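Same order as they appear, the protein sequences are chains A and B.
Oh and the first sequence: position 49 is 48 in numbering that gives the first Met the number 0, straight run, nothing missing.
Oh and the second sequence: position 12 is 11 in numbering that gives the first Met the number 0, straight run, nothing missing.
Glycine is no exception: its CB is placed at the ideal position from the N, C-alpha and C atoms.
Remember, it's a predicted structure, so these values are computed and weren't measured experimentally.
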Amino acid sequence: MGGLSDEIRLKVQDHPCYSEEAHHHFARMHAAVAPACNIQCNYCNRKYDCSNESRPGVVSELLTPEQAVKKTLAVAEAIPQMSVLGIAGPGDPLANAERTFATFRGLAEKAPDIKLCVSTNGLSLPEHVDELARHNIEHVTITINCVDPDIGEKIYPWIFWKNRRIRGRAAAAILIEQQQKGLEMLVARGILVKVNSVLIPGVNDQHLKEVSRIVKAKGAFLHNVMPLIAEAEHGTFYGLMGQRSPTPDELKNLQDACEGDMNMMRHCRQCRADAVGLLGEDRGAEFTLDKIEAMDFERFDHEAALARRLALRAKVAAELEAKRARVHTSHAPAMQVITLHKVAKVVQGRPVMMAVASKGSGVINEHFGRAREFLIYEASEAGARLIGHRKTDLYCSGDDTCGDGESVLDRTIRTLEGCERVLCSKIGIEPWGRLEAAGIKPDGEHGMEPIEEAVMAVWCEMLATGKLATPAAERKRA
Amino acid sequence: MALKIIKSCVNCWACEPLCPNKAIYEAKPHFRIDAKKCTECFGEFDEAQCAAICPIEGAIVNELGEALNPPGSLTGISPARWAAVQAEISAR
Chain A
0 MGGLSDEIRL KVQDHPCYSE EAHHHFARMH AAVAPACNIQ CNYCNRKYDC SNESRPGVVS
60 ELLTPEQAVK KTLAVAEAIP QMSVLGIAGP GDPLANAERT FATFRGLAEK APDIKLCVST
120 NGLSLPEHVD ELARHNIEHV TITINCVDPD IGEKIYPWIF WKNRRIRGRA AAAILIEQQQ
180 KGLEMLVARG ILVKVNSVLI PGVNDQHLKE VSRIVKAKGA FLHNVMPLIA EAEHGTFYGL
240 MGQRSPTPDE LKNLQDACEG DMNMMRHCRQ CRADAVGLLG EDRGAEFTLD KIEAMDFERF
300 DHEAALARRL ALRAKVAAEL EAKRARVHTS HAPAMQVITL HKVAKVVQGR PVMMAVASKG
360 SGVINEHFGR AREFLIYEAS EAGARLIGHR KTDLYCSGDD TCGDGESVLD RTIRTLEGCE
420 RVLCSKIGIE PWGRLEAAGI KPDGEHGMEP IEEAVMAVWC EMLATGKLAT PAAERKRA
Chain B
0 MALKIIKSCV NCWACEPLCP NKAIYEAKPH FRIDAKKCTE CFGEFDEAQC AAICPIEGAI
60 VNELGEALNP PGSLTGISPA RWAAVQAEIS AR
């Protein structure tokens with residue numbers, strides 16, 4: 000994010016989905032006002048609305064625009080980190096344009112500071128670009144899985160277009176043309192575009208490099224390659240036909256391959272179409288329809304809530320500015336120690352993967368056993384880089400499910416495969432020993448420290464104590 | 000001559016705004032078609048609009064009870080394959 004212009008930095012600095020830095024500090028919500036869809040994707044099944052699942056397209060309650068505005072105000076009142084309202088389905092926001100724009104109009108009156116955002120399949124995008132611009136929408140995400148209709152027909156069985164259902168290659172060709180046209184129109188109007196792509200092994204995996212190159216050339220600002228989620232239980236075409244999901248390595252390799260050309264998003268949690276809160280959490284259960292209906296909106300003080308949000312944003316901006324200033328000077332000393340040696344060649348440390356337990360604010364502030372997910376960083380000479388996240392089952396749930404705790408710990412340790420360190424605020428003796436036995440060293444020394452600084456401090460210490468001279472592959476064999 | 004929405008409807012709203020006769024309305028447990036208003040889009044469109052966008056196979060039927068989108072026609076998953084996978088899932 001270092002290379003962004005000031006103008007773009009201002010636009011993304013409190014949008015958790017557009018800025019990795021912002022996602023530690025800011026919350027978003029999706030309002031499920033858009034049920035209808037005008038295309039079918041092979042990774043989607045419109046039948047399933049399950050409260051226990053977290054994946055795109057899944058919602059528990061469909062909202063009217065009025066209900067969505069109330070819910071958003073309630074969330075913005077309760078969570079000062081709240082900065083973005085997105086409409087992402089469960090269908091397509093622009094196939095439900097009236098409901099989508101009615102929601103935006105209602106919210107803009109009462110909470111003008113909340114950024115508005117849509118995520119679309121792109122089919123109806125060109126006809127709505129002017130309206131998006133009129134509503135002051137600064138961020139649009141388009142899901143683009145391909146730019147080649149021969150690949151598209153393996154992903155999209157049909158679209159609804161000009162009053163007809165169109166199938167096969169012809170359908171994919173129209174969809175691709177509309178997506179590309181919409182992208183160009185948005186960029187021409189100065190609207191930031193993020194492109195989402197679903198990585199489908201054997202279908203579009205190699206092709207996504209070309210997609211990334213093309214959307215970057217057309218002015219997309221960020222590319223988010225997400226792994227296909229396909230289980231037979233979901234009833235999707237891919238799930239039922241046994242199409243496999245990519246491995247974490249396949250995903251990372253593709254993201255790395257695209258990175259030379261494009262800003263890649265690594266912090267996406269593939270959230271539900273009704274998610275609420277920081278990206279790694281879901282507070283949707285606190286804001287169900289019956290709870291919203293029971294709230295007394297007359298008593299809400301919108302101006303006070305707005306002031307709280309603005310104060311929090313100013314505080315975060317100041318902290319991040321201070322952090323940027325620190326980072327400019329922090330790694331230099333450790334590197335100098337190395338280069339002072341008389342050995343002609345500079346000793347280089349290999350990159351190290353580390354897992355971090357955090358519940359937000361960009362610091363290490365989560366207990367190992369309570370972490371619902373771990374952020375995965377790669378530390379190297381170039382600095383600390385977020386490369387993804389891995390979800391866990393809660394190891395320490397603190398109730399009668401504890402009897403099963405051991406196997407959950409086993410699963411968590413397996414989840415952390417490839418990491419050499421786990422940074423957390425605290426960790427119990429038992430998981431400590433088990434992690435060490437698995438070759439993953441726990442580290443509770445950096446509680447409440449900023450993540451990237453702590454990750455680099457650990458890496459520099461590993462470097463200084465000679466742990467990084469051997470390649471990771473040899474280390475594993477040893 | 001009228002189409003009918005049956006219980007497999009998932010209430011996704013896709014059909015409702017498309018009906019040229021405003022025959023489709025929200026109802027419990029699922030959307031319904033007012034038979035007095037429905038013309039099956041005859042003379043207006045080549046395809047009945049509700050059936051042309053409906054994502055659920057079998058949810059819209061004609062007066063003979065025949066599905067306008069029969070099993071396998073939208074997803075490309077044959078009924079035999081669907082049954083086999085369902086059996087496999089329930090056996091787990």
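- Note on geometry: alpha-carbon atoms of A:Glu452 and A:Gly361 lie some 10 Å from one another.
- The beta carbon of B:Pro54 falls within 8 Å of a beta carbon belonging to chain A, placing the residue at that interface.
- In this structure, DSSP gives A:Ala303 a helical state, which the three-state scheme calls helix.
- Put simply, of A:Leu106, A:Met240, A:Leu253, A:Ala219 the residue whose alpha carbon is nearest the alpha carbon of A:Ile386 is A:Leu253.
- Annotation: A:Asp147 to A:Ala171 spans about 8 Å, alpha carbon to alpha carbon.
- Contact between A:Asn135 and A:Val32 fails: their C-beta atoms lie close to 18 Å from each other, not under 8 Å.
- In this structure, the straight-line span from the alpha carbon of A:Leu174 to that of A:Gln269 is close to 22 Å.
- A straight-line Cα-Cα distance of about 28 Å links A:Pro200 and A:Asp409.
- In this structure, the beta-carbon distance from A:Gly283 to A:Ala293 does not fall below 8 Å.
- A Cβ-Cβ separation of about 17 Å leaves A:Ala67 out of contact with A:Thr119 under the 8 Å criterion.
- Per DSSP, the continuous alpha helix (DSSP H) segment holding A:Pro125 begins and ends at 124-133.
- For A:Ala272, no chain B residue has a C-beta closer than 9 Å to its own C-beta; the minimum C-beta separation is roughly 12 Å.
- Taking 8 Å as the upper bound on Cβ-Cβ separation, chain B lies near residues Pro156 of the region 138-156 of chain A.
- What B:Leu73 touches in chain A, judged by beta-carbon distance under 8 Å, is Gln39, Pro156, Trp157, going in chain order.
- Residues of the region 220-232 of chain A whose Cβ lies closer than 9 Å to any Cβ of chain B, in chain order: Ala231, Glu232.
- Not one beta carbon of chain A lies nearer than 8 Å to the beta carbon of B:Arg31.
- A:Pro92 has a beta carbon lying at 8 Å or more from every beta carbon in chain B.
- Residues Thr140, Thr142, Asn223 of the same chain have their beta carbon placed closer than 6 Å to that of A:Asn195, with the five preceding and five following residues left out of the count.
- With its beta carbon at least 8 Å from every one in chain A, B:Cys18 lies outside the interface.
- Across the structure, B:Cys18 and A:Gly181 are spaced so that their CA atoms are roughly 27 Å apart.
- Segment contact: the region 233-249 of chain A against the region 285-303 of chain A, fewer than three CB-CB distances shorter than 8 Å; contact not assigned.
- With contacts defined by Cβ atoms closer than 8 Å, A:Cys418 and A:Ile375 form a contacting pair.
- Secondary structure at A:Tyr17: coil, using DSSP grouped into helix, strand and coil.
- Annotation: Cβ neighbours of A:Cys36 in chain B (cutoff 8 Å, chain order): Cys11, Ala13, Pro54.
- Under the Cβ criterion of 8 Å, B:Ala51 is counted among the residues facing chain A.
- Residue burial annotation: A:Tyr237 is buried, with at least 16 other C-beta atoms found within 10 angstroms of its C-beta.
- Bounds of the beta strand (DSSP E) holding A:Leu198 are 191-198.
- Under the 8 Å criterion on CB atoms, B:Val60 is classed as non-interfacial with respect to chain A.
- Inter-segment contact for the region 419-426 of chain A and the region 351-371 of chain A is present: three or more beta-carbon pairs are separated by less than 8 Å.
- Partner residues in the beta bridge of A:Asn223, as assigned by DSSP, are A:Asn195.
- In this structure, the alpha-carbon of A:Leu198 lies about 6 Å from that of A:Asp204.
- Between the alpha carbons of B:Cys40 and A:Ile228 lies a gap of roughly 38 Å.
- Boundaries of the alpha helix (DSSP H) around A:Gly181: 167-187.
- Sorting B:Ala22, B:Ser7, B:Lys27, B:Pro70 by C-alpha distance to the C-alpha of B:Ala34 places B:Ala22 at the top.
- In the DSSP assignment, A:Lys114 falls within the unbroken beta strand (DSSP E) covering 114-119.
- Assignment of A:Gln39 by DSSP, reduced to helix, strand and coil, places it in the strand class.
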